[in-house]
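**Student:** Below are the structure tokens for one structure; questions will follow.
Protein chains: 2
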Amino acid sequence: MEDIKQIYEKLDFYDKKQVKIGGWVKSVRSNKEFGFLDLSDGTCFKSAQVILNSNLKNYEEVSRLNTGSTIVVEGEVKLTPQNQQPFEIVASNIDVFCATDATYPLQKKRHSVEFLREIAYLRPRTNLFNAVFRIRSVAAMAIHSYFQNNGYVYVNTPLLTTADCEGSDQMFKVTTLDFNKLPKDQDGKVDMSCDLFGKTTFITGSGQLHGEAFALAFKKIYTFGPTFRTENSNTKTHANEFWMIEPEIAFCDLETLMDIEEDMLKNVVSFVLDRCKDELAFLDKFVSNGLLDKLNKLIGSKFTRIDHKDVIDILIKSGKKWEFEPTYESDIAKEHERYITEYFNGPVFIKNWPKDIKAYYMKVNDDNKTVAAVDLVVPLAGELIGGSQREDSYDVLVARCKQLGIDTDTIDWYLNLRKFGSCVHSGFGMGFERLVMYLTGVDNIRDVIPFPRTPQNCLF
Amino acid sequence: MEDIKQIYEKLDFYDKKQVKIGGWVKSVRSNKEFGFLDLSDGTCFKSAQVILNSNLKNYEEVSRLNTGSTIVVEGEVKLTPQNQQPFEIVASNIDVFCATDATYPLQKKRHSVEFLREIAYLRPRTNLFNAVFRIRSVAAMAIHSYFQNNGYVYVNTPLLTTADCEGSDQMFKVTTLDFNKLPKDQDGKVDMSCDLFGKTTFITGSGQLHGEAFALAFKKIYTFGPTFRTENSNTKTHANEFWMIEPEIAFCDLETLMDIEEDMLKNVVSFVLDRCKDELAFLDKFVSNGLLDKLNKLIGSKFTRIDHKDVIDILIKSGKKWEFEPTYESDIAKEHERYITEYFNGPVFIKNWPKDIKAYYMKVNDDNKTVAAVDLVVPLAGELIGGSQREDSYDVLVARCKQLGIDTDTIDWYLNLRKFGSCVHSGFGMGFERLVMYLTGVDNIRDVIPFPRTPQNCLF
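Chains as they are written, first to last, in our numbering: chain B, 75 to 534; chain Y, 75 to 534.
Next up, the structure:
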């Protein structure tokens, strides 16, 4: 059996060849003598045109097929350079495996994304989600290729953890206990020692700490896996389950980290531009006008590097009326990100952030007021990547933990990394869905995840 | 800064070049005039020999460095074709960033794997785990490359699920509720509607059902992600968190599935053999004699395909005394797998299994006694892959669910796939750790997972 993709890729080879294609009917138009059947097999964005002649033994049956019916077509490829489609398949035999009826939820018309979320198990058959999920797959390969080709070791850091240093209220608890028969200790509290791991266990929201341990052995590592947050918020950019890429690099300071982020992002965008031409053209036309321009421009641009305080200066000097007043001590709001990327007309690395609004593991700068952290903000999408040089001094790190009330008992091994072969090292985290949204122009995270999980919403 | 790997790969290019290498000291031997420092930077299995001359300004300090100390070396590369190592770096400057002391847990000697598990955050710095985890990374890339190059779409199926059709006793429950303040309904039962998703939620043990939905849109898909089982068993082959690869292919029957499995496995093994020569040579020598032979033999072998009942015939006819008596109705024990792979002197596909010991979603054969399932067993490792043709008839599948007491409410969408464009389709699951154990010859799953999770054991 052939893939439709193969024929598109080798038109001359397949000319006049017999092929066998399994796929799903998109539409049929026919009269008494002949018909056209639009067939998709999912192997590429494009479908194939099948020519039906009335001498097919089941011509009547095939002519009446509904969208979504499954058939296996045998026939001859005929190149049609004069047509919009470069080839047709002249069917000699068509086996109907499954004919759908009027209850089939997808019809040959445009459905709303809201409706399609309700049938998430069928939506990859639509043009929109065919494009989005193929780009998601190709982007994942772009990421693996980039890091592996550059000598990074892929590490599968654990999801189950008993360390709650990220703030256990943001993590799901995991248990094998029966909620209705919880064992109690002598104080009447739930006795977690009876659980499978003998302790309260969480699903982690980051592989960074474990990634650092491996970076201090392999120099360059990356993780790429699912991540979980319990946030009870229904926005276009939040999901409770999503994927993250978290590289960690030894002997790498903040400047080198920015070099890597810029190089990685440009490579990933190029990789997808190269391989998803049909999908991107469709999205540019129907979902996000200017998408291709945006992506092509990113590849050619030089990313600006600027300190947080200098960004604040620009925001203040702009004279604009802000919803959130920019200050030297605070975070950058969405409106600020938008302004600053327009100001520099391209991606901007905002670096050296106020210490008090950033995490304990970030390297404290000599000023003792800022940390060597960097966020990458890009036009039209805002923050895409967050990273930092990691604190490499045992004493400074322990002091920071104490200051912030972080329980050091469960991360003593992480702290020890600063005694046992510590080095200047840095890393970043990139939300994969955020990248896919950027690459596709789709503005709701629910539409770039195969089966999204959001509060009150764990269907399929 | 250069990677040691780069120098090994381009010896002539680097000859007489100045380089800068950050890394960790493996050992130092020195006298008053000069010394040798063995430096690893983790970028390849091999280390580099650094020549210390007493005119280094901190020669004394460097001479006394302990294993695991972090340094940055500047110096000139000198090819030494007459020596065992093809080059040396003649140091002109060495910055000591972090000198370890006697408390450093790794010394230049062989440590037991049991001891190394207790310091899992440091063990990737040992030769054994450097080899194992690099092979794990390369094997992951081999899998992605194979499927992407063959037109498969990578799908990130969800881990959080409210469907408990796999048997909820084998799945972790996930919650945001406080165990000590559980909300109760009017019957005094825990009120799960107060949880984040409004229902009891699990972490799934398989992405297959969701994978099938995507295969019926993209024809060929694969998943590759973490998986969880609550099994309370301490064996060398069980962990509570592990990674799985689950491809699903539309228009694919059992015979074609075996073709794919065989081709995939040979490709993955070849990919690793090509890229991990040093690592495999080390493992062949120190961990599993004959490893390279085993892997090379696999690539060249033709996998046997045989029905379950014919395997039972062979086992019975063998006249051997079995711990588990082989019968036509039962599973194949480890001892049987071993016998049958020796009997055929290579990998064996055992297919068409008794219906009653296999899962509800497997295609029932015309005999109504067996299902179109197939397990791949390989010499010295046993079962590596399990797969099946999936039941494509709505009526048969619903009847099977009822028979087996499976709640169809939460998987109605999965059943609907059989009404909406059903087709002959198949898929398989391969435990990634089992593959890595096969590739490395390491016999304990705890030693192929960066931070293993087993009952009572969720450290780091």
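The beta-carbon is built from N, C-alpha and C at its ideal position, and this holds for glycine as well.
Computed from a predicted structure; not experimentally measured.
#1: Check whether the Cβ of residue 476(B) sits closer than 7 angstroms to any heavy atom of the ligand SAM, and report yes or no.
#2: Can you give me the C-alpha to C-alpha distance between residue 435(Y) and residue 425(Y), rounded to a whole angstrom?
#3: To be precise: take each residue of the stretch 164-191 of chain Y, compare its Cβ to all Cβ atoms of chain B, and keep it if any distance is under 9 angstroms. Which residues remain?
#4: Just to make sure I have the definition right: I need the residues of chain B whose C-beta is within less than 7 angstroms of the C-beta of residue 218(Y). Which are they?
#5: Using the rule of at least 16 other Cβ atoms within 10 Å of the residue's Cβ for burial, across every protein chain shown, is residue 464(Y) buried or exposed?
#6: Given a cut-off of 8 angstroms, decide if residue 171(Y) and residue 462(B) are closer than it, judged by their beta-carbon atoms.
#7: What in chain B is Cβ-close to residue 315(Y), meaning under 7 angstroms?
#8: Between 168(Y), 449(Y), 277(Y) and 112(Y), which has its C-alpha nearest residue 246(Y)'s C-alpha?
#9: Could you tell me the distance, in whole angstroms, from the CA atom of residue 82(Y) to the CA atom of residue 298(B)?
#10: Could you tell me whether the stretch 399-419 of chain B touches the stretch 381-389 of chain B, where touching means 3 or more Cβ pairs closer than 8 angstroms?
#11: On the DSSP letters alone, give me the boundaries of the beta strand (DSSP E) that residue 318(B) sits inside.
#12: Mind checking which residues open and close the alpha helix (DSSP H) that includes residue 122(B)?
#13: Return the first residue and the last residue of the beta strand (DSSP E) that residue 425(Y) is part of.
#14: For chain Y, check one thing: does any of its Cβ atoms lie closer than 8 angstroms to the Cβ of residue 227(B)?
#15: Can a CB atom of chain B be found closer than 8 angstroms to the CB of residue 206(Y)?
#16: Are the stretch 353-369 of chain Y and the stretch 504-522 of chain Y in contact at 8 angstroms, needing three or more beta carbon pairs?
#17: Give the straight-line distance between the Cα atoms of residue 612(B) and residue 329(Y), rounded to the nearest whole angstrom.
#18: Can you check which of these residues, 286(Y), 270(Y) and 304(Y), is closest to residue 279(Y) by C-alpha distance?
#19: Would you say the stretch 322-338 of chain Y touches the stretch 280-296 of chain Y, given that touching needs at least three Cβ pairs under 8 angstroms?
#20: Which residues in chain B sit within 7 angstroms of residue 495(Y), going by Cβ to Cβ distance?
#21: Answer with yes or no whether the minimum CB distance from residue 306(B) to chain Y is below 8 angstroms.
#22: Are residue 227(B) and residue 199(Y) closer than 8 angstroms when you measure CB to CB?
#23: Pick from 261(B), 337(B) and 166(B): whose alpha carbon is nearest that of residue 145(B)?
#24: If we cut at 8 angstroms on Cβ distances, does residue 309(B) have a partner in chain Y?
#25: In chain Y, what lies closer than 8 angstroms to residue 437(B) by C-beta?
#26: If you follow the alpha helix (DSSP H) that residue 218(Y) is in, where does it begin and where does it stop?
#27: What residues in the stretch 258-272 of chain Y have a beta carbon less than 7 angstroms from any beta carbon of chain B?
#28: Please report the distance separating the alpha-carbon of residue 447(Y) from that of residue 466(Y).
#29: Grab the span of the beta strand (DSSP E) containing residue 525(Y) for me, first residue to last.
#30: Can you confirm whether residue 92(B), when its beta carbon is compared against all beta carbons of chain Y, has any partner nearer than 8 angstroms?
#31: Quick one: Cα of residue 173(B) to Cα of residue 406(Y), how far?
#32: With distances taken between CB atoms, is the gap from residue 357(B) to residue 205(B) smaller than 8 angstroms?
#33: Report buried or exposed for residue 399(Y), applying the criterion of at least 16 other Cβ atoms within 10 angstroms of its Cβ.
#34: Measure from the C-beta of residue 115(B) to each C-beta in chain Y and report whether the shortest distance is under 8 angstroms.
#35: Can you give the Cα-Cα distance for residue 354(B) and residue 337(B), rounded to whole angstroms?
#36: So is residue 84(B) in contact with chain Y if we call contact Cβ pairs under 8 angstroms?
**Tutor:** In this structure, then:
#1: The ligand SAM is absent from the structure shown, which contains no ligand whatsoever.
#2: 16 angstroms
#3: 171, 172, 174, 175, 177, 178, 179 and 180
#4: 215 and 218
#5: buried
#6: no
#7: 232, 233 and 234
#8: 277(Y)
#9: 28 angstroms
#10: yes
#11: 315-324
#12: Counting along the chain, residue 122(B) falls outside any alpha helix (DSSP H), though it belongs to the beta strand (DSSP E) covering 122-127.
#13: 422-428
#14: yes
#15: no
#16: yes
#17: The structure shown has nothing for residue 612(B), since chain B only spans 75 to 534.
#18: 304(Y)
#19: yes
#20: 98, 142, 143, 144, 172 and 174
#21: yes
#22: no
#23: 166(B)
#24: no
#25: Correct list: empty, because the minimum Cβ distance to chain Y is about 14 angstroms.
#26: 201-223
#27: 263, 264, 270, 271 and 272
#28: 14 angstroms
#29: From DSSP, residue 525(Y) is part of no beta strand (DSSP E); its letter is neither H nor E.
#30: no
#31: 39 angstroms
#32: yes
#33: exposed
#34: yes
#35: 21 angstroms
#36: no
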